[in-house]
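Student:
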Amino acid sequence: MMPSLFYRPAALLLLFMLGLTPARAMTLTTLDQQLSRQGDVSGTFEQHRYLADLETTIDGHGRYAFEQGERVRWHLLAPVEQDLVLGRQGVEQGGEMFRDDPAGIARLILQVMQGDLATLRSRFKVKLSGAPTDWQAHLTPRGEALGRYLDRIELAGDRHMRHVRMLMHNGDRLDIQLQPNSTDAR
Amino acid sequence: MSASGRPGERSRWLARLWGLMLLGCVIASTLMLLHGARFDNRVTALLPEDRQRPLVEQASAQLGDQFEDRFALLLQLPGGDTDRLEQTTRSLARQLEQSGMVTALHWQPDDFRQGDPLETLGAQRYRLLTPELRQQLDQGDSAALLRHALSGLVIPAGLDRDPVRDPFGLLDAWLAAQLPSRIHTDHGLITVATEDGRAAMITGQLTGSPYAPELQQQLIAAMQGFEQAHPDATLLRSGLVFHAAAGARQAKHEISTFGVGALIGLVVMLLLVFRSPLTLLTLLLPLVTGTVLALTLTLVFFGGIHLLTLAFGTSLMGVAIDYALHLQCARVSLRERFRLRPLLPGLLLSLLSSALAYGVQAFTPMPGLRQMAFFATCGLIGAWLTVVLWLPQVPVGRSPFTERIIASLWQLLGRLRGRLSWRLALLLAVVALTICAGLTRTNDSLRLLDTSSPAMLDQERRIQQLFGRDTGTLYLLITAADRQQWLEQVEALTPTLETLVDNDHLGGFDSLASAVPSHARQQQNLERVRRLYRTTLPKLYDRAGLPEQLEQRAMQPLAAPPRLEIDDWLGSPLGEGDRRLWLGNVDPKDTRAATGPSPVAGMVVLSGRFDATARARMQQLAADHEGVSFVDRVGRLSAVLGELRQQIAVWVAMALVALVGILTLRYRGRTWRVVTPAAGAILLVLSAYALTGVPLNLFHQLALLLVLGIGLDAGIFSAEHPDDRHVWLAITLSTASSLLTFGLLAFSATPVLHYIGLTALIGLSAVWLLTALVQPAGRHRPSRKPS
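Note that the protein sequences, when read in sequence, are chains F and G.
Anchor point for the first sequence: position 147 equals 147 in this note's numbering, and the numbering is continuous, going up by one each time.
Anchor point for the second sequence: position 412 equals 412 in this note's numbering, and the numbering is continuous, going up by one each time.
Put into structure tokens, the structure is as follows:
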């Protein structure tokens, strides 16, 4: 009775890119606590989208900002200038709202930003490894529908999140390098 | 016929014959009910056949019944704590699951597993353009399109945002337009924006029928348990099961208070008067045999029976208790001096008057009324025959107590009689008629049949409003020769509907054409997309740093993409919500327009706001376009009730005129005394309603028919036997027993029963009082004298 479910894997990824601070001891619980204490984080990113089918890469870069636990602003500078804002009201692209998907990916992102991993855990199997200064997280979808598009997500960082990689089911890959501003590096 | 209790040979023979006939009726009706005779409950089945619209019935049933076993809940908490809302929703979902009465509970975003949109729309996407995108392309605004496309390639924020397969994100745009705009996802919940913040939404399906008592109890218990544990939570419910449960609870409550109360009251009263269980049974027996005869004959002549016929027919037959009461009162009072013959003219006239008042409706053009009239008349005749043929053969109990009651009632009558002269009666009648003519209002709203409380209906309305989806009480029914003509017709209507929505005359509409464009429109869309690719794709690839050779590959799917067909869309999980809008191939006989050998039909459902302008436009659309009709389900059914009410009023009035003629032949100058109890009571009820502003409806009127029958009986018997004290006992018992069975309904919370009850309460009390008041003064003798 409800309309379509369609995932926005890239939107999901925004979340990981933005200021996941590394936990002191690598358990989900402590990471949870760590994340829930986050303030504003901002910085620059660089990204490479690898298209397996075409054996080619699309590159881009821009700025990101996480504002007061309310909004995530994703500002692409090249190859085109475009804003993508995830807020409580939904997802805004180029100043226009677009309809929130029932899969709720945009909202999910905000939740993780705020350190609520409970929902993420209900949709992904999360495996953590490494030390607080050099950690990795592997997320694999639990649901079959999501699994048809997305193989896994890999996150890595030190005190901050540094690298997000999404591996799509069709062999495509999205790599994002994050460089938080030094003023936010608390 | 010999003296009481010793019937003659001929009457014994007739009684046996009647018994055999009844036995035959029982066998015949049982066989018919076992072999396909059906109980009908469609209100429109009461309409003349040429005005029934099979296709409208089919459409209404599909829009209404599909959601019978579904329900939706909205949960809201004070303050905006989303975490707490999530926990609370989780615990509600757990309690619902533990009840074991629900399946397919949806409350988390991840639960919408709707299959892969690529399978249904992947290849067809180049033929699908949202109105906004069409407009953008027509205006040649390629800069904005290019920017969106580029950022979409870098950040693939959507489904299959592939530079070759879908560089411009056509599929994403199309899918987004199919989503309901009011539903969001938030903190692991599906939420709806309400006036007081966000509410969590839970939808589910029942494991069984919404009418199953066990299911209702378990589900309601689970929800009550939740509400007790979370007193600050607001829970809005939508779904037939909640209305059915409330209705069942109310009916149970009312049956246990009014029903049992009335039955006990009736039994106690009759036992007190007659002091004999056997006599009590003989009073009720005619009602049973009358029903058996009426049911059998109705099944034979109509092939089935409408449930309303059964309900109202048996109520109208309540008059039949009069015959038994008059006979038994006479036997108890007169003992050995009882003879049937002197009683027969009264009994016959009484049967004749009621049968005429009810039976005349068999000549109305309304099949529902015809059936009701036939049923009631047959029932009366069956009861009458039982009274005349069987009851004299059954010994009757005798108690000195009965004598005492007869004596004190006679005394009471002595104080009341002669107080109403014909001049005063005439004056009062003129006054009452003036009041009625000036002030009577009517209301045939279908809401009368609703057993749900206003609060529950309000919840239902609010949820449907928030979901932007209606149960389909207002819709356009469209028929066409084939699928493409159907879609083109709907596309032609769409601008009108959109204008109404834009100007706030209409809340919204649900149309299959917005999910599946016609072939013509799909072709236009494809041409636009080809133009977009030719003009903008090279720039896009250049800016994204992609090789030029890819253009050829990207253009390939545009060469001859498959079309999206109605049946493919409806067959996919994505199109599930639209299935209710499509009837598919229908019987050519049922379509009004000449639509060829295999016509199709479907609906455009109107929802939310609907004002007079919107109504006028819809009626205009239906008038202007062949194959388009505007259906207002509630209005349509209300019109049926109104028509029934008017037909009853007209025909009963005509029957009354005829009856006064017949009665004048026998009673001459006394006729006014015979007619006044019935006519006066009806006028009194009508004036009371007119003065207090209660609008008249069909159910008031059906109760007035009962008042009419009992009132005429009282008038006839008191005129036939003016000096017989037992007649006055019978009249008193008759009004009292009907008051007990019907008058108590005045206190029912179900609107229909309340109206019937209130009318019976006022009307029957008036019958009794008026019968006493119009009796001639000075004829009162304390001693008993057999007639």
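Backbone N, C-alpha and C define an ideal beta-carbon position, used for all residues, glycine too.
As the structure is a prediction and not an experimental result, all values here were calculated from the model.
What runs of the alpha helix (DSSP H), each 4 residues or longer, lie entirely inside the region 668–748 of chain G?
Tutor: Listed in chain order, they are 671–692, 698–720, 725–742.
Student: Go ahead and pull the three-state DSSP assignment for Phe242(G).
Tutor: Phe242(G) falls in the helix class under three-state DSSP.
Student: Of all the CB atoms in chain G, is at least one closer than 7 Å to the CB of Val126(F)?
Tutor: no
Student: Given a cut-off of 7 Å, decide if Leu299(G) and Met32(G) are closer than it, judged by their beta-carbon atoms.
Tutor: Yes.
Student: In angstroms, rounded to a whole number, what distance separates the CA positions of Leu683(G) and Arg415(G)?
Tutor: Roughly 24 Å separates the two Cα atoms.
Student: Per DSSP, what kind of secondary structure is Glu491(G) in: helix, strand or coil?
Tutor: helix
Student: Looking at the C-beta of Arg147(G), does it have a partner C-beta in chain F at a distance below 7 Å?
Tutor: yes
Student: Would you say Ala554(G) faces chain F, with C-beta separation under 7 Å as the test?
Tutor: no
Student: With 9 Å as the C-beta to C-beta threshold (strictly closer), list the residues of the region 507–539 of chain G near chain F in chain order.
Tutor: none
Student: With DSSP run on the structure shown, which of helix, strand or coil describes Asn525(G)?
Tutor: helix
Student: Under the three-state reduction of DSSP, which class applies to Tyr50(F): helix, strand or coil?
Tutor: strand
Student: Roughly how many angstroms lie between the CA atoms of Ile478(G) and Val605(G), to the nearest whole one?
Tutor: 11 Å
Student: In chain order, what residues of the same chain lie with their CB nearer than 7 Å to the CB of Val56(G), ignoring the 5 residues before and after it?
Tutor: Leu477, Val631
Student: Per the DSSP calculation, Phe338(G) is bridged to which residue(s)?
Tutor: Paired residues: none, contrary to the question.
Student: Contact between the region 245–255 of chain G and the region 741–760 of chain G is defined here as three or more beta-carbon pairs at a separation below 8 Å; is this criterion met?
Tutor: Yes: the two stretches touch, three or more of their Cβ pairs being nearer than 8 Å.
Student: So, for Arg633(G): in the same chain, excluding its five sequence neighbours on each side, which residues have a beta-carbon less than 6 Å away from its beta-carbon?
Tutor: Ser60, Thr473
Student: Tell me where the alpha helix (DSSP H) around Asp172(G) begins and ends.
Tutor: 170–178
Student: Using a Cβ-Cβ distance under 7 Å, would Ile109(F) count as near chain G?
Tutor: Note that Ile109(F) scores a pLDDT of 46, beneath 50, so its modelled location is shaky and nothing firm can be said.
Student: Mind listing the chain G neighbours of Ile58(F)? Cutoff is C-beta to C-beta under 8 Å, in chain order.
Tutor: Leu153, Val154, Pro163, Ala544, Gly545, Leu546
Student: Do Leu696(G) and Thr442(G) have their C-beta atoms within less than 7 Å of each other?
Tutor: yes
Student: Does DSSP classify Trp13(G) as helix, strand or coil?
Tutor: helix
Student: Find out if the Cβ-Cβ distance for the pair Met166(F), Leu174(F) is shorter than 7 Å.
Tutor: Yes; because the gap between Cβ atoms is below 7 Å, this pair is in contact.
Student: Using the rule of at least 16 other Cβ atoms within 10 Å of the residue's Cβ for burial, across every protein chain shown, is Ser182(F) buried or exposed?
Tutor: exposed
Student: Go through its chain and collect everything with a Cβ distance to Val660(G)'s Cβ below 7 Å, but skip five positions before and after it.
Tutor: The beta carbon of Val660(G) is closer than 7 Å to those of Thr671, Val675 in its chain, skipping five residues each way along the sequence.
Student: For chain F, is any of its Cβ atoms less than 7 Å away from the one on Leu150(G)?
Tutor: yes
Student: Tell me the rounded alpha-carbon separation between Ala355(G) and Lys589(G).
Tutor: 39 Å
Student: Who are the near neighbours of Ala149(G) in its chain, counting only those whose CB is closer than 7 Å to its CB and skipping five residues on each side?
Tutor: Pro167, Phe168, Gly169, Leu540
Student: Apply the 10 Å Cβ neighbour rule to Leu108(F) and answer buried if 16 or more other Cβ atoms are within range, or exposed otherwise.
Tutor: Here the model assigns Leu108(F) a pLDDT of 49, short of 50, so the residue's position is not dependable and the matter cannot be decided.
Student: Is it the case that the Cβ atoms of Val319(G) and Gly763(G) are separated by a distance below 7 Å?
Tutor: no
Student: What first and last residue would you give for the beta strand (DSSP E) that runs through Tyr475(G)?
Tutor: Per DSSP, Tyr475(G) is one residue of the beta strand (DSSP E) stretching across 474–480.
Student: Using alpha carbons as the reference points, say which of Leu285(G), Ser408(G), Ala481(G), Gln87(G) lies closest to Gly596(G).
Tutor: Ala481(G)
Student: Return the CA-CA distance between Leu391(G) and Ala324(G), expressed in angstroms with no decimal places.
Tutor: Computed Cα separation, rounded: 8 Å.
Student: Report the residue ranges of all beta strand (DSSP E) runs contained in full by the region 222–285 of chain G; include only those spanning at least 3 residues, in chain order.
Tutor: 234–238
Student: Checking contacts by CB at 7 Å: is Gln177(F) closer than that to chain G?
Tutor: no
Student: Ignore the nearest five residues each way along the sequence and tell me which others in Leu219(G)'s own chain have a CB closer than 6 Å to its CB.
Tutor: Ser99, Met101
Student: Work out the CA separation of Thr130(G) and Gly140(G) for me, nearest whole Å.
Tutor: 15 Å
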